[in-house]
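In this note's numbering, the protein residues as written are 66 to 334.
Note that CB positions come from ideal geometry on N, CA and C, so glycine has one too.
For reference, the structure is listed below as structure tokens.
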Ligand code: NAD
């Protein structure tokens with residue numbers, strides 16, 4: 066048993082953190098060896114199983130990430146951009162695989178991960194599910210086949226607590242469409258329309274976000290031209306799909322060279 070890779074989960078009290086704790090604890094391919102919370106969090110020092118409202122599992126929650134990472138072969142991190150940057154440096158110090166599900170990272174944040182990736186394996190994806198990563202590939206192919214007479218729009222829906230928009234997944238899909246079309250998303254992104262916006266600009270990739278209730282995550286990629294529309298759709302109904310993908314990435318990364326990877330690498334797509 067002790068041969069199995071040890072996994073630490075950061076932001077373990079969060080929505081994804083709790084789901085990850087359940088998925089890793091139930092896995093026969095990994096051991097749950099730690100849970101990290103932000104400094105001073107009420108769960109620090111408590112048994113994780115009890116804190117989650119179940120039975121004791123012997124994993125003590127800590128607010129000292131480095132001490133936890135030093136005991137692990139992988140860190141699974143679905144938190145916030147600021148926390149993820151801090152954890153990247155510490156995971157690299159501990160030579161642990163760092164699986165990053167955190168979204169809302171700016172280009173400067175992503176650039177700041179480079180030093181960590183010189184020493185450790187980083188796997189980062191705005192969406193860790195198999196279905197969405199297949200959708201990314203299909204989006205790229207369809208965008209490559211269609212010219213600018215076809216308008217591309219990404220429409221997403223999430224629960225009311227989500228703090229960033231467009232979602233990390235919507236941006237992944239937009240990047241895939243831009244790549245397929247051979248353009249830069251930064252130069253063609255149109256998001257947050259409001260008021261007298263004028264007509265849609267030919268060649269732009271548009272984004273729209275719906276927020277409400279407990280929606281886990283829904284994404285449509287719409288290709289629209291005169292007289293017809295193609296719509297690719299992914300509906301997530303259970304956060305476990307992201308947790309299972311993240312665990313798969315943590316295991317996949319064990320024998321890889323330091324560097325930055327994504328879920329397309331993990332899934333071999
Ligand atoms: P959440 O708010 O429920 O949980 C976030 C956790 O991170 C909380 O426990 C919070 O205390 C902790 N945290 C935040 N800032 C911190 C800091 N500075 N230091 C220490 N801890 C900190 O959110 P969630 O729904 O679990 O989502 C978390 C992240 O994962 C978001 O960015 C979300 O978009 C992303 N997400 C990614 C995927 C994917 O497949 N890549 C899927 C779902 C969610």
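So what's residue i in DSSP terms, helix, strand or just coil?
{"i": "residue 283", "result": "strand"}
{"i": "residue 306", "result": "helix"}
{"i": "residue 128", "result": "coil"}
{"i": "residue 82", "result": "helix"}
{"i": "residue 60", "result": "Look at the range of the chain in this structure, 66 to 334, and you will see that residue 60 is not part of it."}
{"i": "residue 142", "result": "strand"}
{"i": "residue 66", "result": "A caution first: residue 66 carries a pLDDT of 46, below 50, which makes its placement in the model too unreliable to give a value."}
{"i": "residue 149", "result": "helix"}
{"i": "residue 318", "result": "helix"}
{"i": "residue 313", "result": "helix"}
{"i": "residue 295", "result": "strand"}
{"i": "residue 228", "result": "coil"}
{"i": "residue 156", "result": "helix"}
{"i": "residue 161", "result": "coil"}
{"i": "residue 90", "result": "helix"}
{"i": "residue 133", "result": "helix"}
{"i": "residue 105", "result": "coil"}
Which value, in whole angstroms, describes the spacing of the CA atoms of residue i and residue j?
{"i": "residue 88", "j": "residue 284", "result": "24 Å"}
{"i": "residue 138", "j": "residue 113", "result": "19 Å"}
{"i": "residue 288", "j": "residue 324", "result": "34 Å"}
{"i": "residue 264", "j": "residue 292", "result": "18 Å"}
{"i": "residue 333", "j": "residue 260", "result": "43 Å"}
{"i": "residue 258", "j": "residue 244", "result": "23 Å"}
{"i": "residue 279", "j": "residue 236", "result": "21 Å"}
{"i": "residue 156", "j": "residue 188", "result": "12 Å"}
{"i": "residue 221", "j": "residue 122", "result": "37 Å"}
{"i": "residue 256", "j": "residue 178", "result": "26 Å"}
{"i": "residue 319", "j": "residue 248", "result": "35 Å"}
{"i": "residue 227", "j": "residue 144", "result": "12 Å"}
{"i": "residue 183", "j": "residue 93", "result": "30 Å"}
{"i": "residue 331", "j": "residue 166", "result": "14 Å"}
{"i": "residue 213", "j": "residue 267", "result": "7 Å"}
{"i": "residue 210", "j": "residue 75", "result": "41 Å"}
{"i": "residue 102", "j": "residue 313", "result": "23 Å"}
{"i": "residue 158", "j": "residue 193", "result": "25 Å"}
{"i": "residue 231", "j": "residue 190", "result": "15 Å"}
{"i": "residue 66", "j": "residue 316", "result": "Because the pLDDT at residue 66 is just 46, under 50, the model does not fix this residue reliably, and the value given afterwards should be weighed accordingly. Whole-angstrom Cα-Cα distance: 15 Å."}
{"i": "residue 78", "j": "residue 162", "result": "21 Å"}
{"i": "residue 82", "j": "residue 142", "result": "8 Å"}
{"i": "residue 70", "j": "residue 95", "result": "5 Å"}
{"i": "residue 329", "j": "residue 286", "result": "19 Å"}
Considering residue i, what are the terminal residues of the beta strand (DSSP E) in which it resides?
{"i": "residue 121", "result": "No beta strand (DSSP E) contains residue 121, which DSSP labels as neither H nor E."}
{"i": "residue 253", "result": "Element bounds for residue 253: not the beta strand (DSSP E) but the alpha helix (DSSP H), 250-253."}
{"i": "residue 273", "result": "270-276"}
{"i": "residue 261", "result": "First-last for residue 261: undefined, no H or E at that position."}
{"i": "residue 76", "result": "First-last for residue 76: undefined, no H or E at that position."}
{"i": "residue 98", "result": "96-101"}
What residue does the alpha helix (DSSP H) around residue i start on, and which one ends it?
{"i": "residue 235", "result": "233-246"}
{"i": "residue 331", "result": "328-332"}
Would residue i count as contacting chain C if we go by Cβ distances under 8 Å?
{"i": "residue 172", "result": "Checking the listed chains, one finds no chain C in this structure; it contains a single protein chain."}
**Prompt:** Got a list of residues with beta-carbon closer than 5 Å to any non-hydrogen atom of the ligand NAD, in chain order?
**Reply:** Checking every Cβ against the heavy atoms of the ligand NAD under 5 Å gives 76, 78, 79, 80, 81, 103, 143, 144, 145, 147, 148, 166, 167, 168, 192, 193, 307.
Unbroken stretches of the beta strand (DSSP E), 3 residues or longer, contained in the stretch 164-224 | Entirely contained in the stretch 164-224, the beta strand (DSSP E) runs reaching 3 residues are, in chain order, 186-189, 216-223.
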